[in-house]
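*Asks:* Residues in the sequence shown are numbered consecutively from 1319, following the working numbering. All residues carry an ideal CB built from backbone N, CA and C; glycine is no exception. In this text the structure is predicted, and so the values were computed from the model without any measurement.
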Amino acid sequence: MGVDRWPGWPAKSAGARRPRRRGLRRLLPTWRVLLGGLMGATVLGLGALVAGYLLVEIPEPKSAAAAQANVYLYADGSQLAAVGEVNRANVSLDQVPEPVRHAVLAAEDRDFYDSSAVDLSAMVRAGWNMLRGGGRQSGSTITQQFVKNYYLDQRQTVTRKVKELFIAVKLGRETSKEEILQGYLNTSYFGRNAYGVQAAAQAYYGKDAARLDVAEGAYLAALLQAPSAYDVVADPGSAGRAVARWEYVLDGMVSQGWLDASERAGLVFPWPGPYEPSDLLSGERGYLVEAVKGHLTGRGIVGEDELAAGGYRITTTIDPVRQEALTRAVGEQLLDGLGTEPPDAFVRVGATSVEVATGEVVAMYGGRDYTEQFVNNATRRDYQAASTFKPIVYAAALEHAALTVDGERIGPATVYEGDSGREVVNRDGTGSGWSPQNEGGKDFGTVTVAEAMDQSVNAVFAQLGQDVGADRVRETAVALGIPGDVPGLAEARGSISLGTATPSTLDVAQVYAALAGRGTYREAVLVREVSRDGEPVPVPGAVERRAVSPEAADGVTAVLRGVVERGTGTAARSAGRPAAGKTGTAEEDRAAWFAGFTPELATVVAVFGQDSESGEQQSLYGAAGQERISGGGFPARIWGQYTAAALEGRPVVEFEGAAEPVPPATPDGERDPEPDREPGQVPDGEREREDGGREGSGEPEAEPGGSAVPSAPGSAAPSTGPPPADPSPSAPPGEPSVVPSGTGEPDREPAPGR
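Here it is as structure tokens:
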């Protein structure tokens, strides 16, 4: 029936239908082609996407993106320095307060936790805008931005965008949202040369990211869009737009339910601190950082290569309050009053302060500016310790129950002959041929050991060291904290008693801390904690051992208290605390020392003379307007001011075992067993001045049957001959022929007003 109807239709209708059918026939192949092409393109596109997904691997991170600074912290957690090519210190997500994380999401990607890793519509808009020649546009999620920061680069190109897409998709499937957000927070640039939220928190607010509040976090989040445009300190004119962006972030937090509206209403714009770009190691910081690096690598805590790779967070033992007090004392007592021409220009100061109970280095002064002089004056080992070594000699005598030539047990009341040029007597009573001079050739007559310590009498301590034995003095020095490899220690014979070795202020501070600790040596340490990427690095505990008996240490302390009360170190009484110490001044005023301690704190201060151009040691005659520089002058005054400030507000602590121990009497003729040298073996050829300075070419060892006459203890043995006319330093047989400059001159009473 339907077929019969087709012919009965009006001609017009039939004519109208036949052309339409012919048009459809003509168009049908075209639609088939288009549809096939579309399907083919779709298949190809999907294939390309699949291929791209399979072929594009997540690459290794950019070296700059992975690089981190090593962050050095003071003992209280405040930042000392961040050192590295990139100012970045990674932190774990739980170290970033939740409101700060929410602020970043509100600023950059509010749907981060609910959306996919890639926002295709935003990417299309950005790509179309670039193809039309418009401005650059991001259109990226936080995942894509992290990919760009960590794996790729900042170029806004189609190729880079395509790579970004595939890596982001893969990363989104293989990595948790928390890991991606953590990576984004650690790699984003916040301005002020700060990469990552931790560096930004320090750069803008001087605190760790963990201590940021809501308002501060919102400002840092606002910076992510355009750091230079929103730094209200660098560009005060940006305040209006910066505040507007900050408010946008806060409003976003409220809209997402991350911030209560009432709390948001009470927030005030958190103005950041000033930005002072400077050398990261300028001033004192460089000396502290270098000392800490040496401590880490020298003790095997972190290898040099590992440390160079960065990313370590190092908490030091340096107390910022005490560090500032030490710096202020050095400046006010000496450096601030110096001129710029020699000899003032030769003045260098080094100091180290150690907590007795722990061995922690709480303050260290290495110099004015590390960028101008790289040598750390606190740790250098090229100036002789001078008379600061004499307490070690006395400690050895007490520890080993040493005897005088006639068998008397050595103690504070032991009497010696203190005249200048007195010949040192060997253990068998023969003359040694060594006649050290006191300062200025002064004769002291018969004096006790305690009096000789007060006035730093060379003649007495040269004989005392001979009675004890150089080997025992050396062993005691090492036990108390002088490293065995310190220059001048191993080869010294009789001269060891007068301080010819060249330890650093750090080395000497260990010794005096051990004496203050009643004979317990505690290794000086500079580091409390180390971590990398949130994981702790093992830090071995400080070495602790018995160095000398409590009785020996107390005996030395009792005598050294006299030095401060009535001897060459009276300037140290300005500390206002029970104190003990020893002065030391090197030959030709090349170095002046004061080493002292209270029951809680041991501090060593040294003033050195050095030409900054040639590096040669120089005399300090005339420096600071003084005829001569002595250990009892500037060093003791610096020590006193610093110690008073370092212990301010703390209760006064008295020394334990303060009474001077008097060794028990020994039977006549009983001698100290196991002498350290054969009878008749002497430090021949040595003529020394106080603090180890050699003067003259020395005198020969007495020949058997020669004119050397044994002398009783306490009496002056005649010299084997007049001192040579030539006062130039020379090494005796058995000691190095090259004598370090600055080889010692005696302590002096400070001149009036010094």
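(1) Note down, in chain order, each residue of its chain lying with its Cβ closer than 8 Å to the Cβ of glycine 1667, except the 5 sequence neighbours on either side.
(2) Can you tell me whether phenylalanine 1692 is buried or exposed? The criterion is at least 16 other CB atoms within 10 Å of its CB, across all chains shown.
(3) Taking its Cβ as the centre, do 16 or more other Cβ atoms sit within 10 Å of tyrosine 1431, making it buried, or is it exposed?
(4) Take the Cβ of glycine 1501 as the centre, count every other Cβ of all protein chains shown within 10 Å, and call the residue buried at 16 or more, exposed below.
(5) With a threshold of 6 Å on Cβ separation, who are the neighbours of valine 1786 within its own chain once the five nearest residues in sequence on each side are excluded?
(6) Consult DSSP for asparagine 1695 and reduce its assignment to one of helix, strand or coil.
(7) Which residues in the same chain as arginine 1864 place their Cβ atom closer than 7 Å to its Cβ, once the five residues preceding and following it in sequence are excluded?
(8) On the CB-based measure, 16 or more other CB atoms within 10 Å of its CB, does aspartate 1427 come out buried or exposed?
(9) Can you tell me whether DSSP reads threonine 1706 as helix, strand or coil?
(10) Classify arginine 1338 as buried or exposed, calling it buried when 16 or more other Cβ atoms lie within 10 Å of its own Cβ.
(11) Is glycine 1806 buried or exposed, if buried means 16 or more other CB atoms sit within 10 Å of its CB?
(12) Check for me: the beta strand (DSSP E) holding leucine 1656 runs from which residue to which?
(13) Could you tell me the boundaries of the beta strand (DSSP E) in which valine 1667 lies?
(14) For a quick check, are the C-beta atoms of alanine 1731 and threonine 1764 less than 7 Å apart?
(15) Give the straight-line distance between the Cα atoms of valine 1791 and isoleucine 1814, rounded to the nearest whole angstrom.
(16) Our contact map puts lysine 1900 next to threonine 1670 with C-beta atoms below 8 Å; I'd like the distance itself, whole angstroms only.
(17) Considering only residues of the same chain and omitting the five flanking positions on each side of alanine 1626, which have a CB-CB separation below 8 Å?
(18) Secondary structure at valine 1874, three-state DSSP: helix, strand or coil?
(19) I'd like to know whether the C-beta atoms of alanine 1583 and valine 1572 end up nearer to each other than 7 Å.
(20) Which runs of the beta strand (DSSP E) spanning at least 3 residues fall entirely within the stretch 1708 to 1778, listed in chain order?
(21) Looking at the structure shown, is tyrosine 1523 part of a helix, part of a strand, or coil, going by DSSP?
(22) Would you kindly work out how many angstroms separate the C-alpha atoms of arginine 1946 and glutamate 1650, rounded to a whole number?
(23) Could you spell out the range, first to last residue, of the beta strand (DSSP E) harbouring arginine 1563?
(24) Taking glycine 1601 and alanine 1385 to be in contact with their CB atoms under 8 Å, please state how far apart those CB atoms are, rounded to whole angstroms.
(25) Where does glycine 1552 sit, in a helix, a strand or coil, going by DSSP?
(26) Just curious, the beta strand (DSSP E) that threonine 1914 is in, first and last residue?
(27) Enumerated in chain order, which unbroken segments of the alpha helix (DSSP H) with a length of 4 residues or greater are wholly contained in the stretch 1591 to 1623?
(28) My guess is that valine 1567 and alanine 1421 are in contact by the Cβ rule of under 8 Å, so how many angstroms apart are they, rounded?
(29) Rounding to the nearest angstrom, what Cα-Cα distance links threonine 1505 and valine 1401 in this structure?
(30) Between glutamate 2004 and threonine 1697, what straight-line distance do the alpha-carbon atoms span, to the nearest angstrom?
(31) Run through DSSP, which three-state label would serine 1433 get?
(32) Look at leucine 1391 and threonine 1633 and say whether their C-beta atoms are less than 7 Å apart.
(33) Just grab the DSSP bridge partners of tyrosine 1537 for me.
(34) Suppose the cutoff is 7 Å on Cβ atoms and the five residues either side in sequence are ignored; what does the same chain contact list for glutamine 1413 look like?
(35) What whole-angstrom Cβ distance do arginine 1745 and valine 1723 have, given they're in contact under 8 Å?
(36) Might you give, ordered along the chain, the residues of its own chain that have their beta carbon closer than 8 Å to the beta carbon of histidine 1613, omitting 5 neighbours on each side?
*Replies:* Looking at the coordinates:
(1) Checking the displayed sequence, the identity of residue 1667 turns out to be valine instead of glycine. If we look at valine 1667 and ignore the five residues flanking it on each side, its Cβ neighbours are Val1648, Leu1652, Leu1653, Tyr1683, Gly1685, Asn1695, Val1923, Ala1924, Val1925, Phe1926 and Ile1956.
(2) By the neighbour-count rule (16 or more Cβ atoms within 10 Å), phenylalanine 1692 is not buried but exposed.
(3) Taking a 10 Å sphere around the C-beta of tyrosine 1431, we find fewer than 16 other C-beta atoms and assign the residue as exposed.
(4) The residue is buried, with at least 16 neighbouring Cβ atoms inside 10 Å.
(5) Ala1714, Ala1715 and Ala1720, listed in sequence order.
(6) In this structure, asparagine 1695 counts as coil in the three-state DSSP scheme.
(7) Cβ within range, chain order: Gly1837 and Thr1838.
(8) If you draw a 10 Å sphere on the C-beta of aspartate 1427, you find 16 or more other C-beta atoms in it, and that means buried.
(9) Helix, per DSSP.
(10) In this predicted model, arginine 1338 has a pLDDT of only 49, less than 50, meaning its place in the structure is not dependable; the value taken from the coordinates is given anyway. Its Cβ having fewer than 16 others within 10 Å, arginine 1338 is exposed.
(11) So glycine 1806 ends up on the buried side.
(12) Going by DSSP, leucine 1656 is part of no beta strand (DSSP E) at all; its letter is neither H nor E.
(13) Start and end: 1665 to 1673.
(14) Contact flag unset, no.
(15) Going from the Cα of valine 1791 to the Cα of isoleucine 1814 covers about 8 Å.
(16) Lysine 1900 to threonine 1670, Cβ: 15 Å. No contact.
(17) Excluding sequence neighbours, alanine 1626 sits near nothing in its chain.
(18) Under the three-state reduction of DSSP output, valine 1874 falls in the helix class.
(19) Contact: no.
(20) Runs found: 1733 to 1735 and 1764 to 1766.
(21) Tyrosine 1523: helix per DSSP, three-state reduction.
(22) Answer to the nearest angstrom: the Cα atoms are 19 Å apart.
(23) For arginine 1563, there is no enclosing beta strand (DSSP E); the residue is found in the alpha helix (DSSP H) stretching over 1557 to 1573.
(24) With 8 Å as the limit, glycine 1601 and alanine 1385 do not qualify as a contact, their Cβ atoms being about 25 Å apart.
(25) Glycine is not the amino acid found at residue 1552; the sequence shown has alanine there. Note: alanine 1552 maps to coil in three-state DSSP.
(26) It is glycine, not threonine, that sits at residue 1914 in the sequence shown. For glycine 1914, the enclosing beta strand (DSSP E) begins and ends at 1909 to 1915.
(27) Counting only runs of 4+ residues, the alpha helix (DSSP H) found wholly inside the stretch 1591 to 1623 occupies 1603 to 1616, in chain order.
(28) Their Cβ separation, rounded to whole angstroms, is 5 Å, which keeps valine 1567 and alanine 1421 in contact under 8 Å.
(29) Valine 1401 has its alpha-carbon roughly 17 Å from the corresponding atom of threonine 1505.
(30) Low confidence applies to glutamate 2004: its pLDDT is 33, below 50, so where it sits in the model is not reliable, and the reading given next is rough at best. Rounded to the nearest whole angstrom, the C-alpha separation of glutamate 2004 and threonine 1697 is 29 Å.
(31) DSSP places serine 1433 in coil when its eight states are reduced to three.
(32) For leucine 1391 and threonine 1633, yes; Cβs fall inside 7 Å.
(33) Paired residues: none, contrary to the question.
(34) Result list for glutamine 1413: Ala1527 and Ala1528, in chain order.
(35) Confirmed, Cβ separation roughly 7 Å.
(36) Hits under 8 Å: Ile1619, Val1843, Leu1844 and Val1845.
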